[in-house]
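What follows is a single structure, written as structure tokens, with notes after it.
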Amino acid sequence: MEKENKTSRANQTRSKSERPKVWVPPSSLDAPPAPDGFRYRWIRAESVGFQDTKNISGRLREGYELVRAEEVENASDYPVIDEGRYKGVIGVGGLLLAKVPEEIAKQRHKVLD
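Position one of the sequence shown corresponds to residue 325 (my numbering), numbered consecutively onward.
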């Protein structure tokens, strides 16, 4: 009686045929996907420890709105300001996440070109 030459189950796993995983450095500026009709942009709220109220108020006058954690799915995946004036807004390192309607973003881009 001949012995069948079978491949062991361990050698048949998919992981051997999949591409190896590649390490990517984490980005502190990862942002959730913007809702339809909007674009997200990080805006400066603080520079070298000083509040940049001129920049924030200017962006708000341009039509930007700050993105609050409760507006975003999986908000726990993103850094949220936990105290002060911007409590509850997604932000990191002196930057705040803001959204602007697509049409305003396109108009602004045309003016700056």
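C-beta atoms are modelled at their ideal positions from N, C-alpha and C, and glycine is treated no differently.
As the structure is a prediction and not an experimental result, all values here were calculated from the model.
Take the Cβ of Leu353 as the centre, count every other Cβ of all protein chains shown within 10 Å, and call the residue buried at 16 or more, exposed below. One-based indexing of the sequence shown puts residue 353 at position 29. Burial state of Leu353 is exposed, judged by a 10 Å Cβ sphere holding fewer than 16 other Cβ atoms.
Between Trp347 and chain C, is the shortest Cβ-Cβ distance under 8 Å, so that the two count as touching? The structure shown contains no chain C, having only a single protein chain.
If you draw a straight line from the C-alpha of Lys423 to the C-alpha of Ala369, how long is it? As a first step, residue 423 is located in the sequence shown; it is residue number 99 there, counting from the start. As a first step, residue 369 is located in the sequence shown; it is residue number 45 there, counting from the start. Each residue's alpha carbon lies about 15 Å from the other.
Restricting to Cα atoms, I'd like to know which of Ala355, Pro425, Asp406 and Gly417 is closest to Gly361. For the purposes of this step, residue 361 is identified with residue 37 of the sequence shown, where counting begins at 1. Its Cα nearest to that of Gly361, the residue Pro425 stands out among Ala355, Pro425, Asp406 and Gly417.
Return the Cβ separation of Val396 and Ile380 in integer angstroms, given the expectation that the two are a contact with Cβ distance under 8 Å. In the sequence shown, residue 396 corresponds to position 72, counting from 1. In the sequence shown, residue 380 corresponds to position 56, counting from 1. Taking 8 Å as the upper bound for CB-CB distance, Val396 and Ile380 are not in contact here, some 20 Å apart.
Spell out the partners DSSP gives Arg363 in its beta bridges. Stepping through the sequence shown from its first residue, residue 363 is reached at position 39. DSSP lists Val424 as partners of Arg363.
Residue closest to Tyr402, alpha-carbon to alpha-carbon, out of Gln375, Leu420 and Lys434: By 1-based counting over the sequence shown, the position of residue 402 is 78. Closest option to Tyr402, Cα to Cα, is Leu420.
If you measure between the beta carbons of Gly412 and Ala429, is that distance less than 8 Å? Indexing the sequence shown from 1 puts residue 412 at position 88. Indexing the sequence shown from 1 puts residue 429 at position 105. With contacts defined by Cβ atoms closer than 8 Å, Gly412 and Ala429 do not form a contacting pair.
I need the DSSP call for Gly415, collapsed to helix, strand or coil. Translated into the one-based positions of the sequence shown, residue 415 becomes position 91. Residue state for Gly415 is assigned as strand, using DSSP reduced to three classes.
Should Ile367 and Arg343 be called a contact, given that it needs their Cβ atoms to be closer than 8 Å? Here residue 367 is taken as the residue at index 43 of the sequence shown, counted from 1. Here residue 343 is taken as the residue at index 19 of the sequence shown, counted from 1. For Ile367 and Arg343, no; Cβs fall outside 8 Å.
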